[in-house]
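Here's the structure we're looking at; comments come further down.
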Amino acid sequence: CGILRDTEIAFLFGDKEVARVGSAAVVPLHRDRPLGLIAIGSKDPQHFQSSMDTLFLGYIAEVINRCLPRLLKS
83 CGILRDTEIA
93 FLFGDKEVAR
103 VGSAAVVPLH
113 RDRPLGLIAI
123 GSKDPQHFQS
133 SMDTLFLGYI
143 AEVINRCLPR
153 LLKS
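Residue numbers (my numbering): 83 to 156.
Here it is as structure tokens:
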């Protein structure tokens with residue numbers, strides 16, 4: 083969580099969003115191998131901070147981690 087560099091914002095959200103994303107929360111998805119990322123952005127540079135609790139976002143990632151491999155096989 084926190085303020086990202088312009089290159090990171092462009093990678094996660096696209097080049098057109100660089101000026102619009104002030105801060106972001108990013109969680110990896112993986113199950114035996116990397117599957118992707120969950121990235122949530124905010125216009126407010128103070129919205130996502132490194133001191134934030136990421137328990138809920140981590141829970142969402144864990145649910146997706148368990149479901150996504152099965153969906154990718156079909």
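All residues carry an ideal CB built from backbone N, CA and C; glycine is no exception.
query, result
"Stretch pair the segment 131 to 149 + the segment 92 to 110: three plus CB contacts closer than 8 Å", "yes"
"Same chain, Cβ closer than 8 Å to Ile91, neighbours up to 5 away in sequence not counted", "Glu99, Val100, Val103, Ala106, Gly123"
"Simplified DSSP state of Pro151, which is helix, strand or coil", "helix"
"Short Cβ contact (7 Å threshold) for Leu117 with Leu153", "no"
"Candidates Asp97, Leu137, Asp88, Arg115, of which the one nearest Arg148 by Cα", "Arg115"
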